[in-house]
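What follows is a single structure, written as structure tokens, with notes after it.
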Amino acid sequence: MEDAPAADSSADAKEADPVTKYHVWGGLPATVAALEDFESSRSTDSWIASIFDKLDALASGIVCANTLHAEMTKAEFTLEDVNRINSPLLDGLWIAVTGRQGSLRQPCIGCGPSRCFAMT
Numbered sequence: 007m008e009d010a011p012a013a014d015s016s017a018d019a020k021e022a023d024p025v026t027k028y029h030v031w032g033g034l035p036a037t038v039a040a041l042e043d044f045e046s047s048r049s050t051d052s053w054i055a056s057i058f059d060k061l062d063a064l065a066s067g068i069v070c071a072n073t074l075h076a077e078m079t080k081a082e083f084t085l086e087d088v089n090r091i092n093s094p095l096l097d098g099l100w101i102a103v104t105g106r107q108g109s110l111r112q113p114c115i116g117c118g119p120s121r122c123f124a125m126t
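Be aware that the sequence shown starts at 7, since it is given in the numbering used here, and climbs by one per residue.
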């Protein structure tokens with residue numbers, strides 16, 4: 007019986023592959039990560055860098071439902087970010103934490119972007 011070859015799809019290899027890493031988010035992150043110049047775009051475009059840094063922090067920080075609120079608050083996504091990113095996963099997390107749809111037609115009345123997460 008032959009030994010199975012070492013898997014190249016280790017957790018480290020998957021994390022290094024932006025297409026695989028950001029596919030779960032869908033929307034703009036998945037599309038941008040699949041582009042050939044993703045790394046150069048991330049290093050030269052401050053908005054793209056900021057969004058992907060936030061997604062990375064969010065993905066590594068959420069370990070259970072109890073940490074979801076804290077990590078979403080730390081990420082400080084604006085409503086405009088959520089709408090522009092157009093990620094079904096981020097939309098669901100936004101709704102779970104804020105209780106609000108991520109729509110510019112339904113802005114957070116009387117609170118700033120980070121205060122949208124102050125709901126209990």
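Heads up, the beta-carbon is just placed ideally off N, CA and C, and yes, glycines get one too.
Taking its Cβ as the centre, do 16 or more other Cβ atoms sit within 10 Å of leucine 99, making it buried, or is it exposed? Position 93 of the sequence shown, counted from the first residue, corresponds to residue 99. Buried, because 16 or more other Cβ atoms sit within 10 Å of the Cβ of leucine 99.
From the DSSP output, in three-state form, read off phenylalanine 58 for me. Within the sequence shown, numbered from 1, the residue matching residue 58 stands at position 52. It is helical.
Alanine 63 versus histidine 29 - alpha carbon distance: Counting from one through the sequence shown, the residue named residue 63 turns up at place 57. Counting from one through the sequence shown, the residue named residue 29 turns up at place 23. Their backbone Cα atoms lie some 16 Å apart in a straight line.
Leaving out five residues on either side along the sequence, give the residues of the same chain with a beta carbon under 8 Å from the beta carbon of glutamate 77. Taking the first residue of the sequence shown as position 1, residue 77 is located at position 71. If we look at glutamate 77 and ignore the five residues flanking it on each side, its Cβ neighbours are Ala63, Leu64, Gly67, Ile68.
Would you check if the distance between the CB atom of leucine 41 and the CB atom of serine 49 is smaller than 8 Å? Taking the first residue of the sequence shown as position 1, residue 41 is located at position 35. Taking the first residue of the sequence shown as position 1, residue 49 is located at position 43. No, the Cβ-Cβ distance between leucine 41 and serine 49 is not below 8 Å.
Measure the C-alpha to C-alpha separation of alanine 104 and isoleucine 91 and round it to an integer number of angstroms. Here residue 104 refers to the residue found at position 98 when the sequence shown is read from its first residue. Here residue 91 refers to the residue found at position 85 when the sequence shown is read from its first residue. With the sequence shown as reference, residue 104 is identified as threonine, and alanine is not the correct amino acid for it. Using only the alpha carbons, I get a separation of about 17 Å.
Which residues in the same chain have their Cβ closer than 6 Å to the Cβ of lysine 80, if we skip the five residues on either side of it in sequence? Locating residue 80 in the sequence shown gives position 74, counting from the first residue. Excluding sequence neighbours, lysine 80 sits near nothing in its chain.
Would you kindly work out how many angstroms separate the C-alpha atoms of alanine 55 and threonine 26, rounded to a whole number? As a position in the sequence shown, residue 55 is number 49, starting the count at 1. As a position in the sequence shown, residue 26 is number 20, starting the count at 1. If you take the alpha carbons of alanine 55 and threonine 26, they lie about 18 Å apart.
Using 8 Å for Cβ pairs, my map puts leucine 74 next to tryptophan 31. What's the rounded Cβ distance? Position 68 of the sequence shown, counted from the start, is the residue given in the question as residue 74. Position 25 of the sequence shown, counted from the start, is the residue given in the question as residue 31. Between tryptophan 31 and leucine 74 the Cβ distance is about 15 Å, and since that is not below 8 Å, they are no contact.
Between which two residues does the alpha helix (DSSP H) containing serine 49 stretch? The residue labelled residue 49 in the question sits at position 43 within the sequence shown. Note, serine 49: alpha helix (DSSP H), 44-50.
When you compare only the Cα positions, how much space is there between aspartate 51 and leucine 34? The residue given as residue 51 occupies position 45 in the sequence shown. The residue given as residue 34 occupies position 28 in the sequence shown. Their backbone Cα atoms lie some 14 Å apart in a straight line.
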